[in-house]
Amino acid sequence: MAPKKKAEEELTPEGEDHGNLPKKRKTGHVLAIDPIYAASRSDFLSIIENLVGVYPNIKSTNLSRECDFSSLPKDIDVEMLIEVFESVGAAYGLECWKIAVLLREAYGIPKTTLSQSEWEKLALRNKQEFQTVAELKQLLGQRRTHWTVQAYFLGRRTLEKHNCFPSGCIIFNMYNFASHIWNHRPIAKNQPRCFAVTMFLIELFGKKDYLERFIRNPTWCSDIGHWTFCELFNTLGDPTWTELDLTKPDTVLTFDHLMDTLGFCFLYQVKVYDQAPEDEIKMNEEWTIQSRADKLEDISKLILVILKLLVSIPKSKTERRKLKSKLAIYINIYKLKRANLKPNLLLKVCTAHQGDPNEFKLIKLLLKAGADPNAVDEQRCSPLHLLADREVESSHMWGDASYSTRAEYFTSIVRVILDGRFYEDQVNLRGQSALECLKPFLSLYPNAQLCLLAGNFLQQLQGVRPLSCIAAKVVRKHQLPCECLPVTLQSMVLQH
1 MAPKKKAEEE LTPEGEDHGN LPKKRKTGHV LAIDPIYAAS RSDFLSIIEN LVGVYPNIKS
61 TNLSRECDFS SLPKDIDVEM LIEVFESVGA AYGLECWKIA VLLREAYGIP KTTLSQSEWE
121 KLALRNKQEF QTVAELKQLL GQRRTHWTVQ AYFLGRRTLE KHNCFPSGCI IFNMYNFASH
181 IWNHRPIAKN QPRCFAVTMF LIELFGKKDY LERFIRNPTW CSDIGHWTFC ELFNTLGDPT
241 WTELDLTKPD TVLTFDHLMD TLGFCFLYQV KVYDQAPEDE IKMNEEWTIQ SRADKLEDIS
301 KLILVILKLL VSIPKSKTER RKLKSKLAIY INIYKLKRAN LKPNLLLKVC TAHQGDPNEF
361 KLIKLLLKAG ADPNAVDEQR CSPLHLLADR EVESSHMWGD ASYSTRAEYF TSIVRVILDG
421 RFYEDQVNLR GQSALECLKP FLSLYPNAQL CLLAGNFLQQ LQGVRPLSCI AAKVVRKHQL
481 PCECLPVTLQ SMVLQH
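Each residue of the sequence shown is one higher than the one before, counting from 1 in UniProt numbering.
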């Protein structure tokens, strides 16, 4: 598979109507060409590295225009000859592939049928590798992407035979293929294809530790690993497409597909945290590879987009349990053990909360999966602080009958937080406890249960608090040094 520019020049048939043969052709003659030369000419460098030592050099022989293969030397390895023709044909087109097909037919050497993953089928639109000359000729009227897909099939089949799939050549050329699809994203009908192609590419990254190599050494690969995840965010973060596609019976945004995507993102974030360079890397005047912290922030935003989609689609009881379980594992492995005191997903959702029912559902899901309700932002506001502030900001709508639904959601969230491991007496930088901002307005709030919960909460704060809480508040109030305290005690001080 050639790079993008080479593909345009050498894989694409001449003319706007794609009606002529490819520009470069090999006709009627088997060249004295060895595997190294063949693969380098076709840009299959990774293939040839693995073929060296497997096959001897190809012997030269003349063929008639009718491709009379009876004149081939008896000691030639025909299958190797076919593979070289196929590799050259990946860059130079129809005639080499035609000779390879005729050789297969003459010597009874069929192509190995490739099994395809779900993402590969979706990305390549269920295409199969051509088997006959007639099928090959049908490519003449097809777009360049059809030729690229056939070149991919060839590369995969040859590499798998020698147990070296995927190669760097395949990875980089499929990234170029995906870039062509992404460039047509503004067209709404292309968004499902963008999603499938991106996930197929990420699936390829997961083979032979390519993802780890991309993360550890982003300069080696021009950071295509992270660029691919950014393209996934651009695709799934487009509400004009996702909201429409979710309603279709044949949507690609199924529960299983989104769960696969979520799993890839969880894995990627953990690996970036553990392996990516900490500092940004300046490549040139126009491009700087992001720091680890910036990449982690990008991934968190993508994870939230996927979670919002998962919350919004209908799910069975089993699917709801599966989502909660996967989220709980992620929170335990990444958020609690690696992210330290940085804002967690729960805090991010509450910070951007606008009162949407699906946002409330996501907040509740995160809490039940083990998200830390005591995480705080720069103003030392916990998730409950932020949600209560949003309710006060919306007080002008409390009198609307439609607000009762939102009030019920908010009340259920407050109950889950207060029944959990929430530090009730923690205050923000203004010295306010979590529900204190609601105190002047409780009699007006359109939910009696919330008024009762908040009233009891505020009343408890007036009583005698544990000595540890009092001590922590004194340390915070007078800004006493606490760096020498154990980490658990430092955390407690920070929560008061």
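Glycine is no exception: its CB is placed at the ideal position from the N, C-alpha and C atoms.
Go ahead and label residue i buried or exposed: buried means 16 or more other beta carbons lie within 10 angstroms of its beta carbon, across all protein chains shown.
i	result
H226	buried
S402	exposed
E278	exposed
E86	buried
L243	The sequence shown places Glu at residue 243, rather than the Leu named in the question. Exposed, by the Cβ-count rule.
V414	buried
V52	With a pLDDT of 39 at V52, under the threshold of 50, the modelled position of this residue cannot be trusted; read the value that follows with caution. With fewer than 16 Cβ atoms within 10 Å of its Cβ, V52 is classed as exposed.
F308	Just to set this straight, residue 308 is Lys in the shown sequence, not Phe. Buried, since its Cβ has 16 or more Cβ neighbours within 10 Å.
N183	exposed
I170	buried
A448	exposed
L114	exposed
C484	exposed
S325	exposed
L365	buried
Which residues in the same chain as residue i place their Cβ atom closer than 8 Å to its Cβ, once the five residues preceding and following it in sequence are excluded?
i	result
A134	none
Q269	L296, I299, S300, I303 and Y334
L444	S395 and W398
L386	L347, C350, T351, H353 and D377
With DSSP collapsed to three states, give me the class of residue i.
i	result
I313	coil
K161	helix
K301	helix
T242	helix
residue 512	Given that the chain is displayed from residue 1 to residue 496, the structure contains no residue 512 and the question cannot be resolved.
K127	coil
I281	strand
S404	helix
G237	coil
H180	helix
K324	helix
I101	Position check: residue 101 holds Val in this sequence, whereas Ile was assumed. Note: V101 maps to helix in three-state DSSP.
L114	coil
T148	helix
E212	helix
T261	helix
E203	helix
D34	Annotation note: pLDDT 39 at D34 (below 50); position unreliable, no value reported.
F422	coil
K295	helix
Taking 8 Å as the CB-CB cut-off, is residue i touching chain C?
i	result
L345	You won't find chain C in this structure, because it holds only one protein chain.
To which residues of the same chain is residue i closer than 6 Å at the C-beta, ignoring the five residues directly before and after it?
i	result
E359	H353
F266	Y330
L262	I306
S291	D279 and E280
L236	V305
What whole-angstrom Cβ distance do residue i and residue j have, given they're in contact under 8 Å?
i	j	result
K127	V149	5 Å
S312	L367	The pair is not a contact, with the Cβ atoms about 18 Å apart (cut-off 8 Å).
P383	G420	In fact, because the Cβ distance is near 11 Å, the residues do not count as touching under 8 Å.
Considering only residues of the same chain and omitting the five flanking positions on each side of residue i, which have a CB-CB separation below 7 Å?
i	result
L442	C451, A454 and G455
M174	Y152, L201 and L204
E83	T158
A123	A196, V197 and F200
E212	K271 and Q275
Within the present structure, is the beta-carbon of residue i separated from the nearest heavy atom of the ligand ZN by less than 7 Å?
i	result
K368	Among the components of this structure there are no ligands whatsoever, and the ligand ZN is therefore not found.
* Asked: Are three or more beta carbon pairs between the stretch 280 to 287 and the stretch 251 to 265 nearer than 8 Å?
  -> Touching, no.
* Are there three or more Cβ pairs, one per stretch, closer than 8 Å when the stretch 211 to 231 is compared with the stretch 151 to 164? -> no
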